[in-house]
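Q:
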Amino acid sequence: MLWPSTRKPSTRELVRAEHRLLVARGGRLWRWAVFLVLCLIAAALLLRLDGGNAEETRLAALVEENRSLKATLEQSRLQRQEAKATEEQLLRRIAQMTAQVKRLQTDLAFFRQQKNNH
Numbered sequence: 001m002l003w004p005s006t007r008k009p010s011t012r013e014l015v016r017a018e019h020r021l022l023v024a025r026g027g028r029l030w031r032w033a034v035f036l037v038l039c040l041i042a043a044a045l046l047l048r049l050d051g052g053n054a055e056e057t058r059l060a061a062l063v064e065e066n067r068s069l070k071a072t073l074e075q076s077r078l079q080r081q082e083a084k085a086t087e088e089q090l091l092r093r094i095a096q097m098t099a100q101v102k103r104l105q106t107d108l109a110f111f112r113q114q115k116n117n118h
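Structure, rendered in structure tokens:
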């Protein structure tokens, strides 16, 4: 197939014609796409950093709560040991007093018997 040939413009037509610069539109689209991708990456990084700070804050709060609970647990252990020691001491004292009461009752019975014999 033969294409119709275009004729060569004359100098006069070229001088009289209006000439304007045209901006190529194809290059602008990929620049916007690159800019959009960079913005998305920056937003993702900011969200990641903010999320990391929230996690660090939560972790610090949990560590502090853990320390507080350990201190409370240790205090409870000490109180329980103190109560156990007090209970053991009271039981020993009761045993001593019971033995003393038995001894005194024996002495009392002996003295009553001696009194009745005289």
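Just so we're aligned: 95 in UniProt numbering is position 95 of the sequence shown, and the numbers increase by one with no gaps anywhere. The C-beta atom is built at its ideal place from N, Cα and C for all residues, glycine as well. Everything numeric in this text was worked out from a predicted model, so none of it was measured.
(1) Can you grab the Cα-Cα spacing for the pair Leu47 / Asn66, in whole Å?
(2) Suppose the cutoff is 8 Å on Cβ atoms and the five residues either side in sequence are ignored; what does the same chain contact list for Glu82 look like?
(3) Measure the alpha-carbon distance for Met97 versus Glu88 and round it to whole angstroms.
(4) From Asn53 to Ala42, what does the alpha carbon distance come to, in whole angstroms?
(5) So the alpha helix (DSSP H) Glu13 belongs to, where does it begin and stop?
A: A quick look at the data gives this:
(1) One-based indexing of the sequence shown puts residue 47 at position 47. One-based indexing of the sequence shown puts residue 66 at position 66. Roughly 28 Å separates the two Cα atoms.
(2) Residue 82 sits at position 82 when you count from the first residue of the sequence shown. Close CB contacts of Glu82 within its chain, under the 8 Å cut and outside five residues either way in sequence, are absent.
(3) Here residue 97 corresponds to residue number 97 of the sequence shown, with the count starting at 1. Here residue 88 corresponds to residue number 88 of the sequence shown, with the count starting at 1. When only Cα atoms are considered, Met97 and Glu88 end up about 14 Å apart.
(4) For this step, residue 53 is matched to residue 53 along the sequence shown. For this step, residue 42 is matched to residue 42 along the sequence shown. Going from the Cα of Asn53 to the Cα of Ala42 covers about 17 Å.
(5) For the purposes of this step, residue 13 is identified with residue 13 of the sequence shown, where counting begins at 1. From DSSP, the alpha helix (DSSP H) with Glu13 extends over 11 to 16.
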